[in-house]
Structures are given as C-alpha cells and as structure tokens.
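**Q** Under our numbering, the first residue of the sequence shown carries the number 407, and numbering increases by one thereafter.
Would you mind keeping the following structure in view while I ask a few things?
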Amino acid sequence: MEILITLPDGSIRRFQQGTTIRQVAESIGSGLGKNAIAGKIDGVPVDLNVPIEQNCAVEVLTLDSKEGLDIYRHSTAHLMAQALKRIYGEKSVKLGIGPVIEDGFYYDVDLEEPLSAGDLAAIEKEMERIAKEDLPIVRRVVSREEAARLFADREEPLKLELIRDLPEAAEISIYEQGEFFDLCRGPHLPSTGRIKAFKLLSVAGAYWRGDAKNKMLQRIYGTAFPKKAQLEEHLHLIEEAKKRDHRKLGKELELFMFSEEAPGMPFYLPHGMTIRTELENFARELQRRRDYEEVRTPLMMNSRIWEQSGHWDHYKDNMYFTHVDDSTFALKPMNCPGHMLVFKNSLRSYRDLPLRISEFGQVHRHEFSGALNGMMRVRTFCQDDAHLFVLPEQIEEEIGKIIDLIDEMYRIFGFTYNIELSTRPEDSMGDPEVWDQAESALQRVLEKRGFEYSLNQGDGAFYGPKIDFHILDALKRSWQCGTIQLDYQMPEKFDLAYIGEDNQKHRPVVIHRAVYGSIDRFIGMLTEHYAGAFPLWLAPIQAKLLPVSENYVDYAYEVKKQLDEAGIRVSVDARNEKLGYKIREAQLAKVPYTLVLGEKERTSGTAAVRKRNEEDAGTFSIQDIITTLTEEIRSKK
C-alpha cells in the first residue's frame, strides 16, 4: 500500500507503507542518507529506523540542526552512563536523569565513591572504547510492569521512582546499547559509533529532582560536538570565558565588590562607578536628542499601587516589604507604576504626546541565594527604564525610533543582536482582542523594517507583548538586554487620559522600553566582552603617567594637571620602582595609554607613549597627546 509523505519544501512523494525515515532520507539523496541521524513525523521526533505507516509530514534531522545536535548530546549522556557502569560496577552506579542542556549535557548519578576531575579522564577513555564498538542503539516499548521489573533487577531505585510517577497513559520505552539500557523517550543516534568528539567538564552536587529534602547526587557535566575541531573551539571559548569572568576581573580591576552584609547587592568601587556614570551619561545624551525627559521616582511605595498595577499578583513573592504608619509598603521591583503617577500629575493634551519619560531607577527583587551570580543575577539593580505615552496612531513610529536608538547604542559596543517577538502569556491581563491588536502592531514594525525575528509564544509581559533584543558578545554568547513592550492595560488600571482634539478624554497607549536592561548586568557583561580592557571612553583610568625615577615625579604631576584640565582621567605611578615593573602593572590594570616620562621628555615637554598591548607608539608633545585622546574619547572608538 502506498502512502503520501509531505517534505519540508512542500513537495509530496509516494512511498510504500512501512518505509523508514532512513529510507526516505536515502531516496532524497545519498548525502542526506549518510548524514541523517533521526527524523520527525508530523512534528514528533522519532528514531531513524521508525516505519511510516500513514500519510504524514516528514522531516529528516541531521547534526546541522539544533534538534539533531541535542539528540547527539543525549546519546553521549547515555554513552557516559554506560561507561560509568563498566568502570564502577553495574549495581554500584544508580542512575538518575541525563538531559541535554545548553552547550552539552549532564547525568545525575548516585555513586558512593566521590568523583574528581582526575576520574573524568578515565571515564572518557571508556566512552571512547564503547563508541568504537559501534553498538546499535535500539528502542523498545515496554509495559509499566516490565519496566519496573527490569530496573528492580538492576537495583535502580531512582528509575523506579520515575516510572512510578509517569502518567497512567504514558508510553514507556527503553533504549538498549550492548549490555546497557536506560529509561528514555528518545530519539537517539542509530549507534554509538556516530559519537565522535566529547569532553567531560566537571562534577558538582545536585539534589535528586532538585529537592533539598532528597539525597545529594553527583552531577557530571559534559559536552559533545560532531567534529573534533568544533569541540576544541568550544573548549577554547570555555577557557576564555574563565579568564574573562567578570567576578574575577571586577576584583582585580577594583570595579565592584560584594559583602555578606548585603547579599546579592553590588557595591560600586570608584573605578566601577566611573564606568557606570559614563554609560548613564552616554544614554542620557542620546535620549536628550530624542526629547526624553528624565525623572526620579521613590524607591518605596504603598503596596496598594502594586495591587492597582497588577504587579502584586505577579511579583509579590519576589518583593521586599516593610510597614510604615500601619500601612504595608514595598520596595519597587519595577519603575512602571511611578511613571504612571508622573503622567497623571498633570492634565495632558494630545499635543503633549508622545511624552517620553526616562529614569535610571533602582529596583529590588528577591532572588534565591543559590541563583545569585555576581553582577549577572542580583537583588538590586538599576534599570534604564523609559515609558512613552503615545496616541494610538503614533505607536509604530515611536517603536521604530526606539529600535533606531537601541541599534545606535549597541553598535558603539560592537554588538550584533537577534530579535525575538514574545506574545500573550497564560497569566496575561486584559482583553485578548486588545492583545491581538498590540501583537500585530509590533509585528508590523518589524516586518516593515525587514527585520528577521523569532517568535516566542507565550513569553510576553503580563500586561503586553514585547520585542526583546538578544546581543552577542565577543565569545558569541547571547544576552537578553533591550526590550520594547506595548501596553494597553496599565493606562486602564491607572485611569490615564489626555484631552483629544475633540476636547474629550481619551486613553493613551504606553510603550515600556529599556536598552541596557539592568545597568549592573550590562557592566558585568561588558567586563567579559572586553576582557576588562575597556575602550578609552569607558576606561576608569585612561592614561597612566610613569616617571622613570623620582627625579621626574614633579614633571609627571605637571603633565597630569594638563590632562586633568582636558577632561582625561589620569593617574601617576610615583612609586620608587623599576620602570619595567610599572609598565607591567599598568598592563595588568589594562590601562589604555601609559606615558613614560624621563629627562628627554621633561626637557622637550613631551611623553613617550605606549598603547595597551603594543610596544612604544612614539614620543609626542603633551598637546598632541591630549588632542589624540580627546578625539578617541569623543568618537567612542
């Protein structure tokens, strides 16, 4: 009997009933047949040897796709579990779960012997041997009773618990490779021989099923790639990321600190505060040119405003509260309600719109201590928030202007970015028809401007859909920073109104907007992006003066005064140390320019210039140096 199979390009082909995914791939082309590792039938991932029994849509998966790479890494997790069983004994290793994660996989195991980094090399060797055996990986559907018997025989209590908790109607399958089998939904690679390049990275503790009441297991992290070159590149990036860790660099460069007296709340040291001030002033200048008005709203407000705004229902578990005059107050987790009150403070005309209100607003959100991560995840941070109060017909033009602003700011830092459109979540507030209207407006702006974007269904804010900007740093890591959110709900909640051309009251629409997102997180990210070597305009110390001996310290301070007056941030290393030592210290501090001052320089009113990571750039007059540095700072190169 023939069946009709629809391929991703829309073409329809006839095949005999029972044809496998592998055979479909081979019929399309020998290259695809060779590279196929799994497939999808009507969108459901399946193994390569699954027969197709009826008319359907079929997609062949290769390692070039994210789904294919996830399957590859999942199979590598099973390979690691099999190696553990072979090394430590079948019944000495109790298996938990082994999922795929971003850039790799892990497996949680109960093993009496604590594993160390040194043990990982031996496990890798055994994994390589199993891969060379090229064992077929075969799926078998079993009954609940058979699954329970199989894992009881192997003394696998964690697997038995998983089986017990599966829904009654669930199809239970196991995957076998040689003597090893595991409870798994799949799909998997056809055989262990398809696994070519992998690396076990670390071991950590993890509570079973993430519950602190359960037993602590050992979690082994690893990664895998189809080609050795890809693996080596990834490992290089991991090492580079360690060197660039903002927590390490933040301490070495004296940017910020943390204290047990305020967990998750950064202290800005003078150098870090300089960077933050420069970032704020940069944003202020661009916003000033675009007619933004800056405000400052209270850190703490009565809890009733959070109930009115809708934040209470969505954020109260992450808010900090206190009592004042028998009323409950909350530290603000967001700036939005304060800006609604600012708008409502005056009678507005349609001629006043769009009204663009900005604030560098400090917010507080409670995060679990285990989730805190330097500047990347904190309990208090500054948002570069803005709210634009607009007429309905101004929505698309204003969103376009915000995109231009975000693009200009990100390009200064050398960032490229991806755009994501997020739609109505399940816990949304307001009329679904209004949501549809808002989503369509955002979509039109993106499509009119020819932007490529991905759709993130159900991930909008509770009050409106949003456009998120995911920037890529120097290590090609993605960070979500900028956001544009379209909101018809909060104007309704706060009864906002403007007087229209008809002298009647009308409701404005609000556009929420951030570019940095969290300035604190952005600084942490920039620290890693630049590896601490900030461009001249951001560098805390832009030039360091190095007198070659004590005889030239007075000249160094004369030069410092000239640079200070030109607005250049400069310091003098007046220590009685060898010049080579001072130069190395300046390099470690990642200072953009060092100016060496000796007899020749004092006599001629010059300085010998060294650029960061370069040899001598030459000797120049102090005025020429000031001109060069001032222009570089102005252009933000």
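For glycine and all other residues, C-beta sits at the position ideal for the given N, C-alpha and C.
Within the same chain, show all residues whose beta-carbon is closer than 6 Å to that of GLY584, passing over the 5 residues directly before and after it, in chain order.
**A** Taken in chain order, the residues that qualify are LEU541.
**Q** Return the CA-CA distance between PHE421 and PRO593, expressed in angstroms with no decimal places.
**A** In a straight line, the C-alpha of PHE421 is about 23 Å away from that of PRO593.
**Q** Would you identify the three-state DSSP class for ASN824, choosing helix, strand or coil?
**A** Looking at ASN824 - three-state DSSP - the assignment turns out to be strand.
**Q** Assuming contact is defined by CB atoms lying nearer than 7 Å, are GLY445 and ILE434 in contact in what I supplied?
**A** No, the Cβ-Cβ distance between GLY445 and ILE434 is not below 7 Å.
**Q** Quick one, are the C-beta atoms of GLU804 and ILE917 less than 7 Å apart?
**A** Yes. Within cutoff.
**Q** Count Cβ pairs between the segment 539 to 555 and the segment 604 to 613 that sit closer than 8 Å; are there 3 or more?
**A** The segment 539 to 555 is not in contact with the segment 604 to 613.
**Q** When the distance is taken between beta carbons, is VAL515 closer than 7 Å to GLN624?
**A** Going by C-beta atoms, GLN624 is nearer than 7 Å to VAL515.
**Q** My understanding is that PHE821 touches LEU878, with C-beta atoms under 8 Å, so please give their C-beta distance in whole angstroms.
**A** Indeed they touch by this definition, with Cβ atoms about 7 Å apart.
**Q** Using the Cα positions of ARG710 and PHE819, report the straight-line distance between them to the nearest angstrom.
**A** If you take the alpha carbons of ARG710 and PHE819, they lie about 41 Å apart.
**Q** Of all the options MET782, LYS565, ARG682, which has the alpha carbon lying nearest to the alpha carbon of VAL499?
**A** When only C-alpha atoms are compared, the closest one is LYS565.
**Q** So the candidates are GLN429, ALA630, ARG702, TRP718; which of them puts its Cα closest to the Cα of ASN708?
**A** Looking at the Cα atoms, TRP718 is the closest of the given residues.
**Q** State the Cα-Cα distance for the pair GLU991 and GLY866, rounded to the nearest angstrom.
**A** Cα-Cα distance, rounded: 48 Å.
**Q** For a quick check, are the C-beta atoms of PHE766 and GLU686 less than 7 Å apart?
**A** In contact: PHE766 and GLU686 (Cβ atoms closer than 7 Å).
**Q** Please report the distance separating the alpha-carbon of ILE580 from that of LEU942.
**A** The alpha-carbon atoms of ILE580 and LEU942 are separated by roughly 58 Å.
**Q** Starting from LEU811 and walking both ways along the alpha helix (DSSP H), at which residues does that stretch end?
**A** Here the alpha helix (DSSP H) through LEU811 covers 801 to 818.
**Q** Reducing DSSP to helix, strand and coil, say where PRO542 ends up.
**A** Reduced to three states, the DSSP call for PRO542 is strand.
**Q** Is DSSP giving LYS738 helix, strand or coil here?
**A** In this structure, LYS738 counts as coil in the three-state DSSP scheme.
**Q** Skipping 5 residues on each side, what residues in its chain have a beta carbon closer than 7 Å to that of ILE812?
**A** Taken in chain order, the residues that qualify are PHE875, GLY888, VAL921.
**Q** Pick from SER752, PHE511, PRO838: whose alpha carbon is nearest that of ILE503?
**A** For the residues SER752, PHE511, PRO838, the minimum Cα distance to ILE503 belongs to PHE511.
**Q** In whole angstroms, give me the CA-to-CA distance for GLU983 and ASP791.
**A** Taking the straight line from one Cα to the other gives about 47 Å.
**Q** Compute the Euclidean distance between the alpha carbons of GLU539 and MET533, then round it to the nearest angstrom.
**A** Rounded to whole angstroms, GLU539 to MET533 spans 10 Å at the Cα level.
**Q** Residues in its own chain within less than 7 Å of LEU475 by CB, not counting five upstream and five downstream?
**A** Excluding residues within five positions, the ones whose Cβ falls inside 7 Å are LEU469.
**Q** Does any CB atom of chain D fall closer than 7 Å to the CB of ASP415?
**A** No chain D is present in this structure, which holds just one protein chain.
**Q** Entirely within the segment 473 to 551 and at least 4 residues each: give me those alpha helix (DSSP H) ranges in chain order.
**A** With a minimum length of 4 residues, the continuous alpha helix (DSSP H) runs that stay inside the segment 473 to 551 are 523 to 539.
**Q** Between the beta-carbon of GLN886 and the beta-carbon of TYR869, is there less than 7 Å?
**A** No, the pair does not count as a contact, with Cβ atoms beyond the cut-off.
**Q** Quick one: grab the DSSP three-state call for TYR869.
**A** In the structure shown, TYR869 sits in coil (DSSP, three-state: anything other than H, G, I, E or B).
**Q** Three or more beta-carbon pairs under 8 Å between the segment 722 to 741 and the segment 655 to 665, yes or no?
**A** Cβ pair count under 8 Å is below three, so no.
**Q** Please name the residue, chosen from GLN863, ALA689, TYR478, that lies closest to PRO1104 on a Cα-to-Cα basis.
**A** With the chain running from 407 to 1043 in the structure shown, residue 1104 is simply not present.
**Q** I need the DSSP call for ASP893, collapsed to helix, strand or coil.
**A** Strand, per DSSP.
**Q** For GLU1104, count neighbouring Cβ atoms within 10 angstroms of its own Cβ and tell me buried if that reaches 16, exposed if not.
**A** Since the first residue shown for the chain is 407 and the last is 1043, residue 1104 is missing from the structure and cannot be characterised.
**Q** Candidates LYS602, THR734, GLU552: which alpha carbon is nearest LEU637's?
**A** It is LYS602.
**Q** In terms of alpha-carbon separation, which member of VAL456, GLY1024, PHE1026, GLY616 lies closest to GLY776?
**A** Nearest option by C-alpha distance: GLY616.
**Q** Could you tell me which residues DSSP puts in a beta bridge with ARG850?
**A** None, per the DSSP bridge assignment.
**Q** Using the three-state DSSP reduction, which class does SER471 fall into: helix, strand or coil?
**A** Looking at SER471 - three-state DSSP - the assignment turns out to be coil, as it is neither helix nor strand.
**Q** With burial defined as no fewer than 16 other Cβ atoms inside 10 Å of the residue's Cβ, what is the status of ASP979: buried or exposed?
**A** Under this definition ASP979 is a buried residue.
**Q** Would DSSP call LYS619 helix, strand or coil?
**A** Of the three classes helix, strand and coil, the one that applies to LYS619 here is coil, per DSSP.
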